[in-house]
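Protein chains in written order, with our numbering: chain A, 1 to 254; chain B, 255 to 508. Here is the structure we will look at, set down as structure tokens.
Number of protein chains: 2
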Amino acid sequence: MTDDTPPRKTPTACVLIIGNEILSGRTQDINLNYIAKGLAERGVRLKEARVIPDICDVIVETVNEVRAQYDYVFTTGGIGPTHDDITAECIAKAFGVKLVLNEEIRAMMLSRYPQGQLNEARLRMAHTPEGATLVPNPISGPPGFRIGNVFVMAGVPRIAQGMFDAIKHTLAGGPPILARTVLCNLPEGTIAKGLGEIQSRYADIDIGSYPTFARGKPETNLVSRGLDRDRLDRAAAEISALIRELGGDPIDIA
Amino acid sequence: MTDDTPPRKTPTACVLIIGNEILSGRTQDINLNYIAKGLAERGVRLKEARVIPDICDVIVETVNEVRAQYDYVFTTGGIGPTHDDITAECIAKAFGVKLVLNEEIRAMMLSRYPQGQLNEARLRMAHTPEGATLVPNPISGPPGFRIGNVFVMAGVPRIAQGMFDAIKHTLAGGPPILARTVLCNLPEGTIAKGLGEIQSRYADIDIGSYPTFARGKPETNLVSRGLDRDRLDRAAAEISALIRELGGDPIDIA
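This is the structure we're talking about:
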């Protein structure tokens, strides 16, 4: 790379978690955290996530809102064989295209199910919006799909995460979003003023302050996030110096 | 209650999780699940949740969008003493009111902190939007607040959950949203058709189908949710009969 190389931009993303089971409290979502970490590694900035119910109008409207707003959209949930699995048809509706039988998926399913088992309900999973490409399913069952900037994945965590891993390398990411953590044995309120001053000198870095009582006393995790390793190192050094100045012991977790 | 009593409506709610740490993948949110369960018990339907970053314009815009759309809004995160704790000022901005020093919180903090420790940063936590009432903090630190239909709570799970528990009884809930689960040792695709037929006869009940491999083989949890215990019992009985008809063993988890 020469100095003339324009800096790569950081694309943006939104995750849509589609599922009544999350909103009812039946299920604790763990896909968002997995996807969020993967996107940061890949240099894609996750700007928003939404949990929405299995209601077609809501899915259509939300998908159309966020796909216009962000570079990438990732959906999880609602791609099985039952009546509440309506994601594929809603995505087709959002894009104004037909839901069509995908011969590749059908062939996969024919080879997977014993004769007679590939019933009408299961064949619903072989339908994708016209123009979609497939998102491999490395775990079990039919694939997800991509249409435009929207990736449609399963909800079952093992499968959702396998699908995400399978397409992660295809994302046009920017430089990885790096993090640097300093743990501090002082409460937030003690370091808040100095920390705000450091933040004001590092406009390119997001400094987050996260209190914790995990070890039975008030501690604070100070997390700097940004694209430039040197700047993060400098911010972390200033944060450590501030903590020492205030009588604390910084632990640089890196 | 007589037959003339109008049925109580089910109010709606939205949860806003405010925090870069969730979007970066640093932190796995567990507050949404807790609040979701509590709302269902209280007879409030959680219709949406969003995770948004610590960016004031985004917070203001999102709060104003969802507070107009739902009966209740619950926010978590961003109410500490550091520069990234901007929720209170953003909520004030969303409501078009001033952020003012709350003497009740200030008095609480004065009694809590040793002399000289109640610095300017900590005093930020004693500020609430004009007209707000307090949400008790039964764990540690300053309270949250309520303004209009928006409840503003901490992000640290123990505190967020304590605050939610402290205000839950004040919500004008409808009848509790009940759930009835039948576990089935058949894969989803086998029962999908019959299940869809049952769903079509129970418009007042949401039947969700959730595949699991938790016990090493494909099983399906069939969850019926609704307001009427008898109708749930009848739907569960029909689901169990369907499973038996298809050669499976239903387990009524209730």
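Where a beta carbon is used, it is the ideal one built from N, C-alpha and C, also for glycine.
Asked                                                                                                               : Found
Contacts that R122 (chain A) makes with chain B (C-beta to C-beta distance below 8 Å)                               : G443, A446
Pick from A:G96, A:C14, A:A192 that is closest to A36 (chain A), judged by C-alpha positions                        : A:C14
Cβ-based neighbour list, T2 (chain A), same chain, cut-off 6 Å, excluding 5 preceding and 5 following               : Below a pLDDT of 50, predicted positions are generally treated as unreliable, and T2 (chain A), at 46, falls in that range; the measurement from the model is reported next regardless. Excluding sequence neighbours, T2 (chain A) sits near nothing in its chain.
Span of the alpha helix (DSSP H), counted from its first residue to its last, around Y288 (chain B)                 : 285-296
At least 3 beta-carbon pairs within less than 8 Å: the stretch 209-224 of chain A vs the stretch 172-192 of chain A : yes
C-beta contact flag for P397 (chain B) and V404 (chain B) at 9 Å                                                    : no
Interface residues of chain B facing P129 (chain A) [CB-CB closer than 7 Å]                                         : Here the premise fails: no neighbours, minimum Cβ distance about 21 Å.
Interface residues of the stretch 289-315 of chain B facing chain A [CB-CB below 7 Å]                               : A290, K291, A294, L300, K301, E302, A303, R304, V305, I306, P307
Cutoff 9 Å: E275 (chain B) Cβ touching any chain A Cβ                                                               : yes
Cβ-Cβ separation, G443 (chain B) to P81 (chain A) (assumed contact under 8 Å), whole Å                              : 4 Å
Inside the stretch 410-439 of chain B only - alpha helix (DSSP H) runs reaching at least 4 residues                 : 411-422
9 Å Cβ cutoff, N220 (chain B) in contact with chain A                                                               : Not covered by the structure: residue 220 (chain B). The range shown for chain B is 255 to 508.
Identity of the residues DSSP links to G189 (chain A) by a beta bridge                                              : Answer by DSSP bridge pairing: none, since G189 (chain A) is not bridged.
Contact set between N285 (chain B) and chain A, taken where Cβ atoms lie within less than 7 Å                       : Going along chain A, no residue has its Cβ under 7 Å from N285 (chain B), so there is no contact; the nearest lies around 11 Å.
Bridge partner(s) assigned by DSSP for S478 (chain B)                                                               : B:R434, B:I461
Beta-carbon gap between E492 (chain B) and R455 (chain B) smaller than 9 Å                                          : yes
Closer than 7 Å at the beta carbon, the chain B residues around L195 (chain A)                                      : T336, H337
Euclidean distance between Cα positions of A508 (chain B) and A490 (chain B)                                        : 9 Å
Exposure label - P114 (chain A); buried when at least 16 CB within 10 Å                                             : exposed
contact_flag[the stretch 291-301 of chain B, the stretch 18-28 of chain A] where n(CB pairs < 8 Å) is 3 or more     : yes
Contact belief for P307 (chain B) with F349 (chain B) at Cβ below 8 Å, rounded distance in angstroms                : So it is not a contact: roughly 20 Å between Cβ atoms.
Residues that A407 (chain B) bridges to, as DSSP identifies them                                                    : As written in the sequence, residue 407 (chain B) is Met, which differs from the Ala given in the question. The partner list for M407 (chain B) (beta bridge, DSSP) reads B:T330.
Beta-carbon spacing of G208 (chain A), E275 (chain B) below 9 Å                                                     : yes
Contact check, I177 (chain A) vs G43 (chain A), beta carbons under 9 Å                                              : yes
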